[in-house]
Amino acid sequence: MLATTNGELDVLLALAFAVAQKTFIVNGGALSYEAQFVNAVITAKAPVKGRLNFEWFGAWENVIGKMREVTSRTKKDEDTGEFKKHRVPGWSFDDEKGLGIKVWATFKGEDEPRILEPLLTQVRTRNSTLWAEDPKQQIAYLVTKKWARLFCPDVILGVYTPDEFEDSYGGEIDITPAKQA
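Residues in the sequence shown are numbered consecutively from 128, following our numbering.
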């Protein structure tokens with residue numbers, strides 16, 4: 128039995144509600160979390176001195192603010208029945224060359240930081256429309272997760288975001304043995 132005061136219970140309920148709001152199901156049943164939540168867990172629980180540090184490099188002006196609006200062919204507004212509009216990148220793959228982010232942090236008990244420097248061109252899955260609107264924020268979310276998976280996987284073991292299911296979890300697979308001839 129959990130013994131708490133009313134104030135502690137209120138905090139626990141608020142945290143549970145916050146986590147629930149950042150949780151959803153993808154690809155036929157896989158539990159997934161928003162990148163914002165995963166990054167909050169990493170920031171709070173990674174055994175590092177201070178916080179993760181970020182430094183963007185390259186000519187980000189080639190992509191920042193360069194987006195275009197397109198009309199969905201499948202998603203409709205519930206109120207108007209009109210096809211929804213969303214933003215997509217208005218830049219080319221060549222515009223991304225040389226753009227990247229450096230993330231680093233120093234573990235408690237160590238003197239040298241653990242560094243990761245991925246390029247934007249290495250980011251394959253970009254399901255969120257926020258990649259068009261704010262690619263620097265999105266790559267920061269992504270690199271935080273990649274940094275933790277590489278250097279302290281115990282912090283987020285078993286917690287995944289939708290982009291990690293894109294290629295590795297395709298839903299149901301027919302495992303029925305083939306009929307013998």
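Backbone N, C-alpha and C define an ideal beta-carbon position, used for all residues, glycine too.
All figures in this text were calculated on a predicted structure; none of them were measured in a lab.
key: C-alpha gap between Phe114 and Ile283, whole angstroms   = Because the chain here runs from 128 to 308, residue 114 falls outside it and cannot be looked at.
Any beta strand (DSSP E) of 3 or more consecutive residues that is wholly inside the region 200–261 = 210–216, 227–234, 241–243
inquiry  = Would the region 166–185 count as touching the region 262–271 if we require 3 or more Cβ pairs under 8 Å?
reply    = yes
task = Determine the extent of the beta strand (DSSP E) in which Ala153 is found, giving its start and end residues.
result = Here residue 153 turns out to be Val, not Ala, going by the sequence shown. From DSSP, the beta strand (DSSP E) with Val153 extends over 150–153.
key: Length of the line joining the Cα atoms of Ile191 and Glu205   = 31 Å
inquiry  = I want to know whether the region 234–252 touches the region 271–281 - three or more CB-CB distances under 8 Å.
reply    = yes
Cβ shell of Leu158 (< 7 Å), same chain only, five flanking positions each side left out = Thr150, Ile152
8 Å Cβ cutoff met for Gly227 and Leu257 = no
ask   = Roughly how many whole angstroms lie between the Cα atoms of Ser255 and Lys306?
value = 42 Å
Where Leu142 falls, given that 16 or more other Cβ within 10 Å makes a residue buried = exposed
Rounded distance between the beta-carbons of Val215 and Val197, thought under 8 Å = 5 Å
key: Proximal residues to Asp222 (C-beta, below 7 Å), its chain only, five neighbours per side dropped   = Asn189, Val190
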